[in-house]
Structure formats: C-alpha cells, structure tokens
Amino acid sequence: MSTSVLESPPAERAPKPLTEGKQSPGILIALWAFVVLPFVAVLAAVPVAWGWGLSWLDFGLGLAMYVIGGFGIGTGFHRFLTHGAFKANRPLKIALAVAGSTALEGNPTQWVADHRRHHAFSDREGDPHSPWRFGESFWGLTRGLFFAHVGWLFHRELSNRERFAPDLLADKDISLVDKLFPPIVIVSVTLPALIGGLATLSWQGALSAFFWAGLVRICMLHHVTWSINSICHVYGERPFETRDGDRAANFWPLAILSFGESWHNLHHADPTCARHGVDKGQIDMNARLIWICEKFGWAWEVRWPKTERLNAKRLAGPAAASDSAAPSTAGPSPAAGAAADAADSAAPTAMPTATADSPAPTLRPTATADSPVPAAGLAAGRSAPARAGTMSR
6 MSTSVLESPP AERAPKPLTE GKQSPGILIA LWAFVVLPFV AVLAAVPVAW
56 GWGLSWLDFG LGLAMYVIGG FGIGTGFHRF LTHGAFKANR PLKIALAVAG
106 STALEGNPTQ WVADHRRHHA FSDREGDPHS PWRFGESFWG LTRGLFFAHV
156 GWLFHRELSN RERFAPDLLA DKDISLVDKL FPPIVIVSVT LPALIGGLAT
206 LSWQGALSAF FWAGLVRICM LHHVTWSINS ICHVYGERPF ETRDGDRAAN
256 FWPLAILSFG ESWHNLHHAD PTCARHGVDK GQIDMNARLI WICEKFGWAW
306 EVRWPKTERL NAKRLAGPAA ASDSAAPSTA GPSPAAGAAA DAADSAAPTA
356 MPTATADSPA PTLRPTATAD SPVPAAGLAA GRSAPARAGT MSR
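If you number the sequence shown the way our numbering does, the last residue is 398 and the count never jumps.
Written out as structure tokens, the structure is:
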C-alpha cells in the first residue's frame, strides 16, 4: 500500500520593510549644517547686499549652479532615475546623477527610494512627508506643512533602498556617484568661491561668491524642492484624477523656479510622463531639456503625454479648478478611468539606464502597502480608500 505525502504549499515571501532604520548622527549633523546654514545666509542676504552688494559674477555663478542642480534634481533624480520617463546613454545618466548631487538633497539612490515610497503611499499612511500627517485642522495642517517642507528630514527613518530602489543599487555608475556624494558636496559648495577668488584675485571675491553662489543658491533650491512636497499637496488646482487620498496639486507660482516640477497634479495622475506641464501656457523646462537630449540622440523612448490618456484622467466641472485643500470628488467616467488604468498596466516602464551592466527592467507595481518591489513608474490607478487626514503620528 502506497502512502501519499502531501506537500505544504510554499510560504509567501515576506515583503521587505519600508525603512532601514534611523539616520546616523553623522547624517543628522550634515543635515543641520546644510539646511540651517544656507537658510541663515538667506536671512543675512538683505543686510549683506545693502552694505556689500551682489556682483554680476556672483549672480552668474549662482544662476549657473542653480540651473545645474535644478535640472539635476528635476530631470535627473526625479523624471529619469525615479520614474523612468526616458532612457539615456551612459554619459547622460552619469551627468544627471552628478548634477542632481550638487543640489545637496542626498545621494541619488536614497533620494529615489524616498520619492518612490512617497508615490506608493501619497498622503496616506507610509508617505514620508505628507502635509496631512497631523489632520485637517488649522493647527494640524500648519504643523503638517512644516513637517512636509523640512521637518521630516530630521525625524525620518530612511526608506528601504532594497525595496524601493534595487535597480539603482545594482547600477555600478549610480553606486559610484552615491559613494562620491561627499566630495561632490564639497565641490558644489567651494567651486563658486574658487572661481570668484580667481576671477577677482581677492579673498573678498571668493567670500562673496561663496555666500551668494554657494549658501544662498543652495537654500533657494532646497526650499523650492521642498515646496513641491508641502505647498503642492495643499494648495493649487487639481485638473486630473489621482488615487484616493492623493492631494497633489498644480501651483503655478513655482513653475519657473522649479523648472516645471510644480505641475504636480498631472505628475501624480501620470507619474512616468516626461512632461508635467501639459496644458497651454504651462512652462516645463525639464521637459524641454529632455526634448533637447532626445533630439541629440542622448535620450530615447521618452514617455511624452498622450491626448487619450490626458482626456481619460481629466476631471470635469468646477472641482478641477478649485484651490481648496480638499480633494476633488468629481472624476472621469468609469469607462474612461478603466481605459487609463488599462493603459497604465499595459505600458512598460522605461528604466533609467541603458548600458551593458544595467539591471533587468522592473515592472511597474501596484501601490499596495505590502508590495516588495520598487515603486518606479507607479500607475495612478485606484487603491484602497484611505484618507490622509486619518494618518497616525
């Protein structure tokens, strides 16, 4: 008589944790230095300019460094490395990663991990910097705006890079830029002073360039970037449908300073789209840079906006133009929404690298709380209805 042996089904693989633990004391010290000191410099800018003056050399150096860092963050860290809005050759990939690092907002892999986690849990439990974290009351939202703007940097657990950015951990070029982040920071801060000193042959010229093109420039770029996390999730227009609880909005006053990043509602409605300012009159300089790189053959498979997708996600009625903090309840027809979600599911994710040592492409996952894969190119499909106002502290 034979005896059959019933095999137990294989256990499901446990998802990787959201975070890697608290920040080290060294990171916190660096944060205080590179967040507080530039801010103090901005506060001192008016009296310093009154008695000392801002030279054209200082302005030119500051503008050049701001543009490099701004495009590095918007085009490089955000649209390319995080969302795979286009593919790039190796020189462009490295250049964008280095340029973004000059903004002093963290190394590429950690920045991407934090942002992919933000999209996976936007304005819900798990979002690292939602302004709705403390509720919808006046004081709760005031506290939340400060937290989303800068407070989260000092009270966060690092997003798990193995869960949210395994493709970048496997990329040798990006890993090297991660390791070189400290010297890149030093160069970003001191290069303007070096150029200013050599150009004027004086220590006063070096000090002035360090102040304006170093500290003040860093502070301005920081606060523009952080305003996308805070202001653009509370104030502005919401012409496109996003997931339940996601309150991303378009805030036009920041469009030029952010190079188009403040068209935040469309970005959350269609995260992998290479252009965020899709409507008439919406300036998007990051999209223009991507277009230029595509024309030169440095970038390809660019995910430009498609009319049918925009129409499927566009809201109808006055709610679409509301500046209210409350999310819009109006939405497209069920058929249109289903078509957009189907397009999200069918469209492959454009991975940010195209070199011989690049990792295999990662499929765009559904934004679930226990998803073990990165959130690169998250679709804006429906998710469990969890309102941001109920987030725990």
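Backbone N, C-alpha and C define an ideal beta-carbon position, used for all residues, glycine too.
What residue range is occupied by the uninterrupted beta strand (DSSP E) comprising residue i?
i, result
"E162", "E162 to S164"
For the alpha helix (DSSP H) holding residue i, just list the boundary residues, first then last.
i, result
"D176", "Looking at the DSSP string, D176 is not in any alpha helix (DSSP H), and its letter there is neither H nor E."
"A69", "W61 to F76"
"A274", "H269 to A274"
"G149", "F143 to F151"
Taking C-beta to C-beta, are residue i and residue j nearer than 8 Å?
i, j, result
"A102", "V182", "yes"
"I233", "S263", "yes"
"A104", "F85", "no"
"I189", "S106", "yes"
"I261", "L66", "no"
"P244", "L320", "yes"
"T230", "I73", "no"
"V283", "F91", "no"
"G149", "W137", "yes"
"R280", "W303", "no"
"H120", "H83", "yes"
"A175", "A118", "no"
"E246", "A274", "yes"
"K21", "R168", "yes"
"N270", "A292", "no"
"H124", "P276", "yes"
In three-state DSSP terms, what is residue i?
i, result
"K184", "helix"
"E242", "strand"
"A218", "helix"
"R122", "helix"
"K92", "strand"
"R319", "strand"
"N255", "strand"
"A304", "strand"
"R129", "coil"
"Q287", "coil"
"W208", "helix"
"H134", "coil"
"A335", "At A335, the pLDDT of 34 sits below 50, so the modelled position is not reliable and the matter cannot be decided from this model."
"C224", "helix"
"T312", "helix"
"K98", "helix"
"F82", "helix"
"F264", "coil"
"G202", "helix"
"R168", "helix"
"F139", "coil"
"R293", "helix"
"A108", "coil"
"A49", "helix"
"T230", "helix"
"P30", "helix"
Determine the direct distance from the alpha carbon of residue j to that of residue i, and round the result to whole angstroms.
i, j, result
"G219", "F186", "17 Å"
"R95", "C278", "21 Å"
"Q209", "P113", "34 Å"
"A331", "L294", "Since pLDDT at A331 reaches only 39, below the 50 mark, its modelled position is unreliable, and no value is offered."
"R166", "H272", "22 Å"
"A211", "G58", "14 Å"
"F216", "W61", "14 Å"
"S164", "R122", "7 Å"
"F126", "R161", "15 Å"
"L68", "I297", "20 Å"
"L206", "A198", "11 Å"
"L109", "A100", "15 Å"
"T80", "K98", "10 Å"
"K311", "N255", "19 Å"
"D63", "Q287", "30 Å"
"R222", "M70", "7 Å"
"D289", "D251", "22 Å"
"L315", "H88", "18 Å"
"F139", "T147", "9 Å"
"E242", "G202", "46 Å"
Answer yes or no: does any C-beta atom of chain C fall closer than 8 Å to that of residue i?
i, result
"S127", "Of the protein chains in the structure, only one exists, and it is not chain C."
Check whether the Cβ of residue i sits closer than 7 Å to any heavy atom of the ligand HEM, and report yes or no.
i, result
"L271", "The model on display carries no ligand, and the ligand HEM is accordingly not part of it."
Original post:
Using 8 Å as the Cβ pair cut-off and three pairs as the minimum, do the region 171-181 and the region 128-140 touch?
Top reply: no
Original post:
Would you call the region 250-268 and the region 223-239 touching, i.e. three or more CB-CB distances under 8 Å?
Top reply: yes
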